[in-house]
Structures are given as structure tokens and as C-alpha cells.
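Some notes on the structure that comes next.
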Amino acid sequence: MALLTFEVSSVGYLAEHGPRETRRFWVHSHFQHALNLSSASGELLTLLSPRFQNLPTAIRIVTPPGWDWRHQSRPREPVVLEGNVLRAARWRADLSRAPCWRPAPEKKRDACSLDAFLGVYPALASQLITYCRQREVRSNLQLLPGWPLDGRAPRLNVADEKLALDAAVAELIGFGTGLTPDGDDYLLGYLAALRPWQYIENIAAHLKLLKLAIKSMLHRTTSISRHYLTLGLKGHYSEPIDHLISILIRGSPVSDIATAANKVMEFGASSGVDCLGGFLHGIRSLQTVAQEETR
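Position one of the sequence shown corresponds to residue 0 (numbering that gives the first Met the number 0), numbered consecutively onward.
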């Protein structure tokens with residue numbers, strides 16, 4: 000039977016491999032529009048529909064109408080990447096001419112507006128609540144202080160010493176359900192919000208302790224979530240998160256910010272709202288530091 004040949008829409012910048020490289024993967028998990036592949040070395044590669052935005056380690060592939068990876072793949076099925084061609088038993092995809100997605104270049108420090116970043120908090124918090132209510136999205140966490148009442152309240156505090164911060168991370172990492180638990184997505188959003196401001200002394204010190212705590216507890220969560228947290232620790236995030244950061248630090252129009260925040264929240268069942276909740280927690284930490292510096 001002839002192999003189906005899929006068009007490749009884009010390749011994430013960390014999913015690129017040289018034309019002479021050979022990588023062997025196996026199906027890790029599958030969903031209707033996504034297929035996760037893992038290698039013996041622990042490398043994770045995700046095949047996504049172009050309906051989703053880019054990820055650093057994802058390849059977006061155009062599949063036929065009605066294609067469902069849950070029915071077109073099986074656990075541990077081998078997939079080989081050789082000569083820039085990804086090949087399985089029934090299909091192949093040539094990556095050699097596919098465009099590579101890369102995040103926007105980091106802004107110079109003097110081009111970043113902390114005031115603009117902090118000033119958007121009320122609108123984003125309101126948007127998060129509205130989105131969750133309209134789409135009936137639930138999290139196991141309090142995504143904002145006191146809301147929802149039945150969620151676990153994250154205790155991340157920018158002024159915490161190591162022991163307190165370790166305890167706060169321990170309450171989050173691996174907490175929740177799914178391939179990427181709620182607490183992990185929250186931590187990712189928190190890391191992402193603080194990263195552009197790590198030149199601020201208090202933020203740099205906080206991030207150093209936070210990253211050490213997360214690294215020491217990665218074994219407590221799922222393999223998929225461990226992968227994304229490891230990327231986040233190195234400053235690698237999805238296209239929606241990267242775009243939200245880039246438009247916030249340059250002070251974009253409110254409508255553009257709202258659209259970007261929606262793109263973040265649309266990811267997964269609740270992963271996106273957990274991530275934005277963590278992002279907003281990061282903004283609150285920045286507000287705390289900014290207030291202390293003006294005293």
C-alpha cells in the first residue's frame with residue numbers, strides 16, 4: 000500500500016534536525032489532532048494540526064479531512080526521522096522545505112515597558128474570569144487570589160526564602176489531572192511572566208531559587224509535563240505565550256492583548272487558563288518588587 004504523504008505546515012525551532020541525522024521515535028500518546036512521539040534519549044516530538052499554534056518541539060502537519068490520530072496510530076508504534084523525512088507505517092512527511100517557526104527576537108532592555116506590563120493586569124484578570132465562565136473551564140487551582148473558592152491557592156511569593164519557596168513549588172508540581180497537570184501549567188506561566196525582567200535583582204534571585212526547586216521536583220510529574228517544564232526553565236515557550244509577552248512589553252493596543260490572551264487560554268482543556276493564571280501571578284510578583292523599589 001502506498002504511503003500517504005502529508006504536507007508540513009511548520010517545524011518548531013527545537014524540532015529541526017540535520018538532513019544527515021537519524022532519529023527513532025515511538026508513539027507516546029495520541030489525541031484527535033495531536034500525536035506525541037518520544038525517543039530512547041527522552042526527546043519529545045509533537046505532531047500537531049495547523050489549527051494549533053506552534054510549539055518549540057512540534058511539527059505541524061496537514062492531515063486528510065477526518066484524520067484522527069487515536070485511530071491512525073497505536074502505542075509504541077515506531078516512527079523514524081531520516082534525511083529530513085518523518086516516516087511511519089502508513090504515512091510520511093518531508094520536512095526539508097517546511098518553514099521553521101522561531102520566537103520573536105528578545106527586545107533590548109530599554110525597549111521593554113514594565114509599566115505597560117503591569118498596567119494590563121486588571122483587564123487580563125477580568126478576561127480570565129469571563130473566559131472560564133463562558134466556556135465552563137474549571138481548574139483545580141485558584142487562578143486569581145480567592146477565585147475560584149474551591150481551588151488550591153498557589154503560595155508563590157517573590158520574597159520567600161528557599162524553604163518556603165520549595166514548599167510552594169511542592170504544592171504545585173504534579174498537582175491536578177491530565178498529561179500536563181494544573182500546577183505545572185501554572186508554574187510555566189509564572190516563569191514566562193518573570194523571564195523578561197530577570198535583570199531586576201530581586202526577580203533574578205527569586206528565579207534562581209524557583210528554578211532550582213522545580214528542577215529538583217521534575218520527577219514528581221508526568222513525562223510530557225516534565226518536558227515542557229524543562230523547556231520553560233530554559234526560556235522556551237509556545238507561540239501563544241511568546242506572542243503575549245512580546246506585545247505586552249511593547250505596550251500594544253488593548254484589542255491585540257485580548258486576542259493574544261485568548262490564544263493562550265485556548266490551549267488544551269484547562270492548560271491555557273492555568274498558564275494565564277500563573278502568568279498573572281507573575282505580574283503580581285513584579286508589582287510587589289516595583290512597589291518596594293519606589294519606597
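All C-beta atoms in this analysis are idealised placements derived from N, C-alpha and C, irrespective of residue type, glycine included.
Note that the stretch 248-258 does not touch the stretch 203-213; fewer than 3 beta-carbon pairs, one per stretch, sit closer than 8 Å. With a threshold of 16 other beta carbon atoms within 10 Å, P77 falls short and is exposed. Boundaries of the alpha helix (DSSP H) harbouring E291: S270 to E292, taken from the DSSP string.
With contact defined as three or more Cβ pairs closer than 8 Å, the stretch 157-174 and the stretch 215-233 are in contact. Boundaries cannot be given for N53, as no beta strand (DSSP E) includes it and DSSP labels it neither H nor E.
If you compare the alpha carbons of D273, Q290, S251 and P63 with that of A92, the shortest gap goes to P63. Of the candidates P98, L3 and T21, the residue whose Cα lies closest to the Cα of W66 is L3. Q286 sits away from L140, with the two beta carbons spaced by 7 Å or more. Each residue's CA atom was taken as its position, placing L47 and E15 some 15 Å apart.
Distance from S9 to R59 at the Cβ level is roughly 5 Å; contact confirmed, criterion being Cβ atoms closer than 8 Å. Excluding sequence positions up to five before and after G234, its CB lies within less than 7 Å of the CB of R194, all in the same chain and listed in chain order.
Less than 7 Å separates the beta-carbon of G277 from that of Y185. Looking at the DSSP output, N139 sits in no beta bridge, so it has no partner there.
In the structure shown, E200 adopts helical secondary structure according to DSSP, grouped into three states. A check of alpha carbon separations from R22 across H32, L54, F30 and R86 identifies R86 as the nearest.
Remark: fewer than three beta-carbon pairs, one from each stretch, lie closer than 8 Å, so the stretch 156-168 and the stretch 256-271 are not flagged as touching. Of E291, L44, M264 and S251, the smallest CA-CA separation from I199 is found for E291. For R69, the enclosing alpha helix (DSSP H) starts and ends at W68 to Q71. For the set E6, W90 and P104, the Cα lying nearest the Cα of H242 is the one of P104.
Setting aside the 5 residues that flank it on each side, A152 is surrounded in the same chain by Q141, each with a C-beta closer than 6 Å to its C-beta; the list follows chain order. For V79, the secondary structure class from DSSP, reduced to helix, strand or coil, is strand. Under the DSSP definition of a beta bridge, R194 lacks any partner.
Sequence-distant partners of I246 (beyond 5 residues in either direction) whose C-beta falls short of 8 Å from its own C-beta, in its chain, are D255, I256 and A259. Around the beta-carbon of H70, fewer than 16 other beta-carbon atoms lie within 10 Å, marking it exposed.
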